[in-house]
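Report on the structure given below.
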Amino acid sequence: MIGAILRKEALSILRDGRLLLLAVSLFAVLLGFFLAATQEYRHMRNEKQAAGETVRAQWEAQGVKGTHQAAHFGIYVFKPESPLAAIDPGLRQFTGQALWLEPHKRNLARFSPAADQGIATRFGQMSAAFVLHTLLPLLIVALAFNAVTHEREQGTLRMLHSLGLSARKLLFGKFFGLLLAFTLLLLPSLLIGIFLLFGVSSVGSDDILRGVVLGFAYLLYYGIFAALAMAASAWLKSSRLAFFVLVAFWLSSVLVAPRVGAIMAEALVPIPSATQFWASIQQDIEHGLNQDGDSTTRLKAFEAQTLHRYGVKRVEDLPEGFHALRRHFKDAYSNRVHALHFDRLWDSFERQGTFMRSGSLLGPSIAMRALSMSLSMTDFSQQRHFENAAEAYRQYFVGLTDMWDWQRTRGTEVGGQGSAADWRSVDRFEYRAPPLSFALQASRMDIAVLLFWALAAAVALLISARKLTP
Numbered sequence: 034m035i036g037a038i039l040r041k042e043a044l045s046i047l048r049d050g051r052l053l054l055l056a057v058s059l060f061a062v063l064l065g066f067f068l069a070a071t072q073e074y075r076h077m078r079n080e081k082q083a084a085g086e087t088v089r090a091q092w093e094a095q096g097v098k099g100t101h102q103a104a105h106f107g108i109y110v111f112k113p114e115s116p117l118a119a120i121d122p123g124l125r126q127f128t129g130q131a132l133w134l135e136p137h138k139r140n141l142a143r144f145s146p147a148a149d150q151g152i153a154t155r156f157g158q159m160s161a162a163f164v165l166h167t168l169l170p171l172l173i174v175a176l177a178f179n180a181v182t183h184e185r186e187q188g189t190l191r192m193l194h195s196l197g198l199s200a201r202k203l204l205f206g207k208f209f210g211l212l213l214a215f216t217l218l219l220l221p222s223l224l225i226g227i228f229l230l231f232g233v234s235s236v237g238s239d240d241i242l243r244g245v246v247l248g249f250a251y252l253l254y255y256g257i258f259a260a261l262a263m264a265a266s267a268w269l270k271s272s273r274l275a276f277f278v279l280v281a282f283w284l285s286s287v288l289v290a291p292r293v294g295a296i297m298a299e300a301l302v303p304i305p306s307a308t309q310f311w312a313s314i315q316q317d318i319e320h321g322l323n324q325d326g327d328s329t330t331r332l333k334a335f336e337a338q339t340l341h342r343y344g345v346k347r348v349e350d351l352p353e354g355f356h357a358l359r360r361h362f363k364d365a366y367s368n369r370v371h372a373l374h375f376d377r378l379w380d381s382f383e384r385q386g387t388f389m390r391s392g393s394l395l396g397p398s399i400a401m402r403a404l405s406m407s408l409s410m411t412d413f414s415q416q417r418h419f420e421n422a423a424e425a426y427r428q429y430f431v432g433l434t435d436m437w438d439w440q441r442t443r444g445t446e447v448g449g450q451g452s453a454a455d456w457r458s459v460d461r462f463e464y465r466a467p468p469l470s471f472a473l474q475a476s477r478m479d480i481a482v483l484l485f486w487a488l489a490a491a492v493a494l495l496i497s498a499r500k501l502t503p
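In our numbering, the protein residues as written are 34 to 503.
Right, here's the structure in full:
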């Protein structure tokens, strides 16, 4: 019986001329977003690859110079593009895509795409994720708000009840029929979008797994809205009332909840200004952490330890360059201070995200948005992973040039020389994106919120079936 209701409901939706027009419009909008996103993905990928090759060629072409001078020449590294970012760009437009690596200092990523766009472009920026996350739930509301109230208003609900059809079978048949029709309406545009994505990028197995998980997550998300819409249609007496209640829920979930969450996050977890952030780092380097002592005390202790280790009484008698050794020691302490403050900054961003999720009490949209960004590798956790990898590479190549310096000088000599062969021997920066498990771990709270809303929607559907009367 449920199967018959499912087929009847799906066919009635698909045969509705208004909905067919809506589906064609949706297809055109999604296709336009997919085309624009894949072209942008290809442009940014090619641009980053070309810039990376240019930067590497410049590094290798430095010629003979001091090794520390070469380190100050610096290296730019670029964040690789994720294919799924074409679907959900997430924070990519507002986070830096390149890092300038230099001695003595850890930098923040720079050159966000939004910085190159005009105000009008930034204001009107949308993506396929906007349609999937915001507009499609409204389409579900439009399809389902009168699924039961229309039957009641037409008198067919009483007739079905007299024939012995249980309310549970009726509701679940309509629910699955709605999901089937909705999937069939959405499928063509998604398939074309996937085809376009495969055409402009090399998609790996991890990308495919991420896409599959993202697809199931969106199906669960739409199922929540469909179940709640069916429950409201069964519970409320008129189609008009059901429509207004469901639109109010949609507004609270996709528009109100993110704003409420953002206000709470900013109020409860303030982020230091750039001036405060860098001043705190400089203060801790100068005055020391905990009981480490100030910079003068630390350097005196290092000099004494170095003389003792090499068994000499004067710096001039050291078999290796003292200036390079001391510089390496100072940078190691600076790296420790930078790591502490950067971790605090990233932890603050993550705590803001936690408080942002408090808006999930008003609907599942915040959790779905966060999960989508995480799976598309365009969230804060992915950005943090990239910047930490770039910092590890910075410490590697700066440490290597310092080692060349102290090995090629003695005592108080300065300016150990390097050549093109040295610069070519420095490994390239090869960033490896974290696996799917990293995204799932970072999104465990969002997954829990979606499952909670799915359970709540299922319970609401069951209760409405029990209380459904003609």
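All C-beta atoms in this analysis are idealised placements derived from N, C-alpha and C, irrespective of residue type, glycine included.
Please read all numbers here as calculations on a predicted model, not as lab measurements.
{"Item": "Return the Cβ separation of Phe261 and Phe282 in integer angstroms, given the expectation that the two are a contact with Cβ distance under 8 Å.", "Value": "Here the sequence assigns Leu to residue 261, which means Phe is not the residue at that position. That belief holds up - the Cβ atoms of Leu261 and Phe282 are roughly 7 Å apart, short of 8 Å."}
{"Item": "Is it buried or exposed, Ser414, if we count other Cβ atoms within 10 angstroms and call 16 or more buried?", "Value": "buried"}
{"Item": "On the CB-based measure, 16 or more other CB atoms within 10 Å of its CB, does Pro397 come out buried or exposed?", "Value": "buried"}
{"Item": "Among Gln338, Leu117, Ser313, Ala94, which has the Cα closest to the Cα of Ser592?", "Value": "Outside the shown range of the chain, which is 34 to 503, sits residue 592, and nothing can be said about it."}
{"Item": "For Ser497, which residues from the same chain have a beta carbon less than 6 Å from its beta carbon, with the 5 sequence-adjacent residues on both sides left out?", "Value": "Ala264, Ala267, Trp268"}
{"Item": "Once the 5 residues before and after Phe111 are set aside, which same chain residues still bring their CB inside 7 Å of it?", "Value": "Lys81, Ala84, Gly85, Gln130, Ala131"}
{"Item": "What's the gap between the Cα of Ser391 and the Cα of Gly294?", "Value": "6 Å"}
{"Item": "Can you find a CB in chain B that lies within less than 7 Å of the CB of Gln450?", "Value": "Protein chains in the displayed structure number just one, and chain B is not present."}
{"Item": "I want to know whether the region 473 to 490 touches the region 237 to 254 - three or more CB-CB distances under 8 Å.", "Value": "yes"}
{"Item": "I'd like the list of long-range same chain contacts for Lys138, defined as Cβ closer than 8 Å, with 5 residues on each side in sequence excluded.", "Value": "Ser367, His371"}
{"Item": "To which residues does DSSP link Ala131 through a beta bridge?", "Value": "Phe111, Arg143"}
{"Item": "If I measure Cβ to Cβ from Leu301 and keep anything under 6 Å in the same chain, skipping five residues before and after, which residues do I get?", "Value": "Phe388"}
{"Item": "Tell me where the alpha helix (DSSP H) around Gly15 begins and ends.", "Value": "Nothing can be reported for residue 15, as the shown portion of the chain is limited to 34 through 503."}
{"Item": "Here's the rule: buried if 16 or more other CB atoms are within 10 angstroms of the residue's CB, otherwise exposed. What is Ala61?", "Value": "exposed"}
{"Item": "Return the Cβ separation of Phe66 and Val164 in integer angstroms, given the expectation that the two are a contact with Cβ distance under 8 Å.", "Value": "6 Å"}
{"Item": "By the DSSP assignment, the alpha helix (DSSP H) with Glu349 in it spans what residues?", "Value": "Segment: none, Glu349 is in no alpha helix (DSSP H) and carries neither H nor E."}
{"Item": "Under the assumption that Met401 contacts Asp121 (Cβ atoms under 8 Å), give the Cβ distance between them as a whole number of angstroms.", "Value": "Actually they are not in contact, since the Cβ atoms of Met401 and Asp121 sit about 10 Å apart, beyond 8 Å."}
{"Item": "Shortest alpha-carbon distance to Pro2 belongs to which of Met297, Phe310, Ser238?", "Value": "Since the first and last residues shown for the chain are 34 and 503, residue 2 lies out of range."}
{"Item": "Considering just the uninterrupted stretch of the alpha helix (DSSP H) at Lys500, what are its terminal residues?", "Value": "477 to 500"}
{"Item": "Since Leu124 and Asp412 should fall inside the 8 Å C-beta cutoff, what is the C-beta to C-beta distance between them, to a whole number of angstroms?", "Value": "6 Å"}
{"Item": "Are there 16 or more other CB atoms within 10 angstroms of the CB of Ala153, so buried, or fewer, so exposed?", "Value": "Bear in mind that a pLDDT of 35 at Ala153, under 50, signals an unreliable position, so the model cannot answer this."}
{"Item": "Starting from Gln416, trace the alpha helix (DSSP H) in both directions and tell me its first and last residue.", "Value": "413 to 440"}
{"Item": "Just tell me which of Ile399, Leu378, Trp439, Gly432 has its CA closest to the CA of Glu420.", "Value": "Leu378"}
{"Item": "For Lys138, does the three-state DSSP call read helix, strand or coil?", "Value": "strand"}
{"Item": "Identify which residue in Pro170, Phe375, Ala425 has its Cα closest to the Cα of Trp311.", "Value": "Phe375"}
{"Item": "Can you grab the Cα-Cα spacing for the pair Ala337 / Lys363, in whole Å?", "Value": "15 Å"}
{"Item": "Could you check whether Ala69 and Gly451 sit closer than 7 Å to each other, using their CB atoms as the reference points?", "Value": "no"}
{"Item": "Please state whether DSSP places Gly386 in a helix, a strand or coil.", "Value": "helix"}
{"Item": "So Trp437 and Glu93 are supposed to be a Cβ contact under 8 Å. How far apart are they, rounded?", "Value": "Rounded, the Cβ-Cβ distance is 15 Å, inconsistent with contact."}
{"Item": "Any idea what DSSP makes of Gly451, helix, strand or coil?", "Value": "strand"}
{"Item": "Less than 7 Å separating the beta-carbons of Leu211 and Leu172?", "Value": "no"}
{"Item": "Per DSSP, what kind of secondary structure is Lys270 in: helix, strand or coil?", "Value": "coil"}
{"Item": "Should Lys500 go down as buried or exposed, given a rule of 16 or more other Cβ atoms within 10 Å for buried?", "Value": "exposed"}
{"Item": "Nearest CA to the CA of Val287: which residue from His166, Arg201, Leu484, Val348?", "Value": "His166"}
{"Item": "Comparing alpha-carbon positions, which option in Ala454, Arg342, Arg347, Ala472 lies nearest Gly96?", "Value": "Ala454"}
{"Item": "Skipping 5 residues on each side, what residues in its chain have a beta carbon closer than 7 Å to that of Leu408?", "Value": "Leu117, Arg243, Val246, Leu247, Ala472"}
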